[in-house]
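Notes for the one structure printed next.
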Amino acid sequence: MIKHIFSDMDNTLLNEIGVVSEGNIHAIKDSKIPFTLVSARAPMEMKDTIEKLNLTSAQIAFNGGLIFKPVNDSIEKISEHYLPLETVKEVVKQVKSNFPDVSVSTYDTDNWYSEKIDFGIEYESKITSIDPTIVNFEELFQKNTDNFFKVMLITPTSEEVVTLHEFINNLPIDNITVQQSGNSYLEVTNNAAQKSHGIKYVQNLNNLKRSELAAFGDGHNDIPMLKMVEKPIIMENAVDEVKQYSNLITKSNTEDGVAFGIKKFILN
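The sequence shown stops at residue 1350 when you use my numbering, and every number in between is there.
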């Protein structure tokens, strides 16, 4: 019997305009099963969905870099894995120098920082309904200490994301993980910030067995999460590489795939 459901957000729970549908809302609430969002997003970018679903259990942000509980209009941190400031500075410097066309931004708990509104920032802002704080990174790094969770990189083309991924992996920087969360998205986080680690933490927190867990996902960064659960449910819109990890395929994110998956594979 499934006692906890984990779900990716973008291209999984959320539809094509970045919103959780009424069909998914009703299915999740009616199931009465605790539900955890597992996302590369920041808590502020998860807030609207958390409120619509009335979620009160532990939620996973920054690919596992931050685990928190929603409390009224704020959050209670349960577990956190920051990126060292020197690491953030080096990644930003190297990407800006070698890939000037790549959109670069950084996140701490409550803020999203960018030096300018470019194509990537514009797109991300549109799907999250969050506006970045425009800063000079050098000045920001002088004021801010080790409070960063993520560096987000968005490439102009999906081909360039492969080159950039390889470039960052070859930098002489320890204790980071680089995960692709979309066709043109790379997320740089602390090495301990992985969706699988987040799920394990919540599993232990609630004394749950693997046989009691289900998860929904669509992307490469969801694969470790899908391997952690008894019922890995994959979206119809997922890439073929992800679909090989389960024969439980639900409808796409534009067709209330999470709702369909809950009814067919979890409650049935």
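Ideal Cβ positions, reconstructed from N, Cα and C, are used throughout, including at glycine.
- Note on geometry: alpha-carbon atoms of residue 1215 and residue 1231 lie some 16 Å from one another.
- Taking the Cα positions, residue 1247 is about 34 Å away from residue 1342.
- Two segments are said to touch when three or more pairs of C-beta atoms, one from each, lie closer than 8 Å; by this definition the region 1313-1324 does not touch the region 1274-1286.
- Contact between residue 1151 and residue 1142 does not hold, since their C-beta atoms are separated by about 11 Å, which reaches or exceeds 8 Å.
- If you draw a 10 Å sphere on the C-beta of residue 1254, you find fewer than 16 other C-beta atoms in it, and that means exposed.
- Following the DSSP letters along the chain, one finds residue 1205 in no beta strand (DSSP E) but inside the alpha helix (DSSP H) bounded by residues 1201-1210.
- Excluding sequence positions up to five before and after residue 1293, its CB lies within less than 7 Å of the CB of 1312, all in the same chain and listed in chain order.
- For residue 1142, the secondary structure class from DSSP, reduced to helix, strand or coil, is strand.
- Judged by DSSP secondary structure, residue 1105 falls within the alpha helix (DSSP H) whose first and last residues are 1104-1113.
- With a contact defined as Cβ atoms closer than 8 Å, residue 1122 and residue 1303 qualify at about 7 Å.
- When C-beta atoms of the region 1236-1246 are compared with those of the region 1180-1198, three or more pairs fall below 8 Å, so the two segments count as touching.
- For residue 1327, there is no enclosing alpha helix (DSSP H), as DSSP marks it with neither H nor E.
- Around the beta carbon of residue 1156, a 10 Å sphere encloses fewer than 16 other beta carbons of the protein chains shown; the residue is thus reported as exposed.
- One thing to note: residue 1306 has its Cβ within 8 Å of the Cβ of residue 1276.
- For residue 1162, the closest alpha carbon among the candidates 1340, 1190, 1286, 1222 is that of 1190.
- Leaving aside the five residues that flank residue 1111 on each side, the residues in its chain whose CB is nearer than 8 Å to its CB run, in chain order, 1135, 1136.
- If you look at residue 1298, you'll find it in the beta strand (DSSP E) that goes 1295-1299.
- Across the structure, residue 1118 and residue 1299 are spaced so that their CA atoms are roughly 12 Å apart.
- Burial of residue 1270 is indicated by the presence of at least 16 other C-beta atoms within 10 angstroms of its C-beta.
- Residue 1164 has no beta-bridge partner at all, per DSSP.
- Burial is judged here by how many other beta carbons sit within 10 angstroms of a residue's own beta carbon; residue 1158 has fewer than 16 and is exposed.
- With respect to residue 1126, residue 1236 sits apart: the two C-beta atoms are not nearer than 8 Å.
- Residue environment: residue 1138 is assigned as exposed (fewer than 16 neighbouring CB atoms within 10 Å of its CB, all protein chains considered).
- By the CB criterion at 8 Å, residue 1301 and residue 1093 fall inside the cutoff.
- Per DSSP, residue 1269 lies in no alpha helix (DSSP H); the unbroken beta strand (DSSP E) holding it starts and ends at 1267-1272.
- Excluding residues up to 5 positions away in sequence, 1088, 1307, 1308, 1311, 1314 lie with their Cβ nearer than 6 Å to the Cβ of residue 1297 in the same chain.
- With respect to the C-alpha of residue 1257, the residue from 1165, 1345, 1316, 1264 having the closest C-alpha is 1165.
- Beta bridge pairing from DSSP links residue 1223 with no other residue.
- Excluding sequence positions up to five before and after residue 1290, its CB lies within less than 7 Å of the CB of 1085, 1086, all in the same chain and listed in chain order.
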